[in-house]
Structure formats: C-alpha cells, structure tokens
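Heads up, the thing below is written out as structure tokens.
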Amino acid sequence: GESVGLHLPTLSVQEGDNSIINCAYSNSASDYFIWYKQESGKGPQFIIDIRSNMDKRQGQRVTVLLNKTVKHLSLQIAATQPGDSAVYFCAENPYNFNKFYFGSGTKLNVKP
Amino acid sequence: DVKVTQSSRYLVKRTGEKVFLECVQDMDHENMFWYRQDPGLGLRLIYFSYDVKMKEKGDIPEGYSVSREKKERFSLILESASTNQTSMYLCASSLGGRTAYEQYFGPGTRLTVT
Chain A
44 GESVGLHLPT LSVQEGDNSI INCAYSNSAS DYFIWYKQES GKGPQFIIDI RSNMDKRQGQ
104 RVTVLLNKTV KHLSLQIAAT QPGDSAVYFC AENPYNFNKF YFGSGTKLNV KP
Chain B
13 DVKVTQSSRY LVKRTGEKVF LECVQDMDHE NMFWYRQDPG LGLRLIYFSY DVKMKEKGDI
73 PEGYSVSREK KERFSLILES ASTNQTSMYL CASSLGGRTA YEQYFGPGTR LTVT
C-alpha cells in the first residue's frame, strides 16, 4: 500500500500553545488529503481537507499546509485545548477517487 | 450532520461463527466503506460499495464479504470468524462521483473472536 507516515507518534503540548502535527506521503500523484481526529472509543472525525491545487487551508483554529515539493502535510492547531487531546491522522487519495490511504496516527496530549 | 451508525459497539464471537456487522447512514451517500483498525497499522480498507448491489475489494478482503441491498445500509460479513479478525471495525460513507470527498465514520464495532 501507499506510505503515509507521521514523523512523531506522540506529541505533548501545553494548553494554550500551538500544535503542529506532520505527515509525509509518498505518491506525488495524490491530489486530495484529509486530517482526521479520533478520540478514545470513537470513530475518526473529519477535521479539514485540502486539494493539491492549494498550499494552505484554514478552518476554525486549524490550518493545513501542503508542500507538494517535499510531499509533506501538516496540521496546525492554534491555542490547543484539553479537548484537542486525541489521535490525529492524515489520509491521502492517490489515484482512485474511492480509495484513501491512512497513516497510523499521532497521539496529541494536551497538558493543563 | 451526517450520521453513520453501527449495529454494535462491542461484540464477542467464537471461532467459526458467522458474524454480521451492520452500518446505516442517513445522508443519501452513494459510497460506503468498511475498514479495520489495528494498533500500529492504521485503517485498512476491506471493501467498499459505490452503489446498491455494487462492491469492490479493498486491500484486505480475504475472509470477508459484504452486502448492499439498500443505499443506506452496508453489511460486513465474516463467513467463519477467526481470532486474527479480532479488531476494531469502522464503517464510513461519502458522496459519490469521480471526485474524492471526505468520508464520515461511524463509532466503530470492537469485535473479539475467542
């Protein structure tokens, strides 16, 4: 399968700080990317997406950056809150509009 | 809000049993998916369906089958459960067409096969 990896398996941040979660993808043909948040005992929840014709997309307190040159994706969370504690993972859509490849996730711990 | 529901949150079955996992979505989505999620392996696609009675194999279809008789319902069937099928099973749905769209997930079914 495709390689969708994360640079850090666990990230600890202080409440109120900004968080950056990274993702590397391997297929330069990928044209659609999604970030998901998964809280303990729940299914993944859509956070934000970006298509390859964009470099940056902003949502509420979240920003996704796409660097196609180095095949890198990042999720920035502003003013991290305890409710942001979860596993975050990225997904890429390389060449089949129905098929995504998911990374294994980064666990975000928010310290009060 | 999109709602994807799964019939059970927790399920314990014996080796060799036939197991049915049900998924229902209420957003009239064309696409539906079944994944399994294992520690360190992320989500792996088992099967997906892009229309009623239509299905395609994902990356790990062995030991599984699916059924989609109605647009809102997608069932995963373990023909003869084995211990290596102990896992978290996630159902998802999305809009159809030739453009990829975000997938919305259900809460998951944690299946234990003993």
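So the protein lines, in turn, are chains A and B. Taking my numbering, the leading residue of the first sequence gets 44, the next gets one more, and so forth. Taking my numbering, the leading residue of the second sequence gets 13, the next gets one more, and so forth. Yeah, the Cβ is synthetic: ideal placement off N, Cα and C, and Gly gets one too. It should be emphasised that the depicted structure is a prediction, and the values quoted were computed from it without experimental measurement.
Return the CA-CA distance between D71 (chain B) and M39 (chain B), expressed in angstroms with no decimal places. For this step, residue 71 (chain B) is matched to residue 59 along the second sequence. For this step, residue 39 (chain B) is matched to residue 27 along the second sequence. Going by the C-alpha atoms only, they are around 26 Å apart.
Selection from B:F32, B:R56, B:Y62, B:T27 that minimises the alpha carbon distance to H41 (chain B): Here residue 41 (chain B) refers to the residue found at position 29 when the second sequence is read from its first residue. Ranking the options by Cα distance to H41 (chain B), first place goes to B:Y62.
Does the distance from the C-beta atom of T121 (chain B) to that of T98 (chain B) stay below 8 Å? Translated into the one-based positions of the second sequence, residue 121 (chain B) becomes position 109. Translated into the one-based positions of the second sequence, residue 98 (chain B) becomes position 86. Remark: C-beta atoms of T121 (chain B) and T98 (chain B) do not approach each other more closely than 8 Å.
Within a Cβ cutoff of 7 Å, which residues of the same chain sit near Q103 (chain A), ignoring the five residues on either side of it in sequence? Here residue 103 (chain A) corresponds to residue number 60 of the first sequence, with the count starting at 1. So the list is empty, once near-sequence residues are dropped.
Can you tell me which of the three DSSP states H50 (chain A) falls into? For this step, residue 50 (chain A) is matched to residue 7 along the first sequence. Residue confidence for H50 (chain A) is low, a pLDDT of 42 falling below 50, so the modelled location carries little weight and cannot support an answer.
Between which two residues does the beta strand (DSSP E) containing E81 (chain B) stretch? Locating residue 81 (chain B) in the second sequence gives position 69, counting from the first residue. Unbroken beta strand (DSSP E) run through E81 (chain B): 76-82.
For L88 (chain B), which residues does DSSP report across the bridge? Working through the second sequence from its first residue, we reach residue 88 (chain B) at position 76. Beta-bridge pairing links L88 (chain B) to B:L33, B:V78.
For E97 (chain B), return the contacting residues in chain A, with the cut-off set at a CB-CB distance below 8 Å. In the second sequence, the residue the question calls residue 97 (chain B) occupies position 85. Here the sequence assigns Gln to residue 97 (chain B), which means Glu is not the residue at that position. Within chain A, no residue comes near Q97 (chain B); the closest Cβ sits about 19 Å away, beyond 8 Å.
Give me the Cβ distance between W46 (chain B) and V24 (chain B), rounded to the nearest whole Å; I'm assuming they're in contact under 8 Å. By one-based count along the second sequence, residue 46 (chain B) stands at place 34. By one-based count along the second sequence, residue 24 (chain B) stands at place 12. Wrong, their Cβ atoms sit about 19 Å apart, outside the cutoff.
Where Q57 (chain A) and Y75 (chain A) are concerned, what is the direct C-alpha to C-alpha distance, given to the nearest angstrom? Here residue 57 (chain A) is taken as the residue at index 14 of the first sequence, counted from 1. Here residue 75 (chain A) is taken as the residue at index 32 of the first sequence, counted from 1. Cα to Cα, Q57 (chain A) sits roughly 31 Å from Y75 (chain A).
Straight-line CA distance for S46 (chain A) to R100 (chain A)? For this step, residue 46 (chain A) is matched to residue 3 along the first sequence. For this step, residue 100 (chain A) is matched to residue 57 along the first sequence. The predicted model places S46 (chain A) with a pLDDT of 44, which falls under 50 and marks its position as unreliable, so this point remains unresolved.
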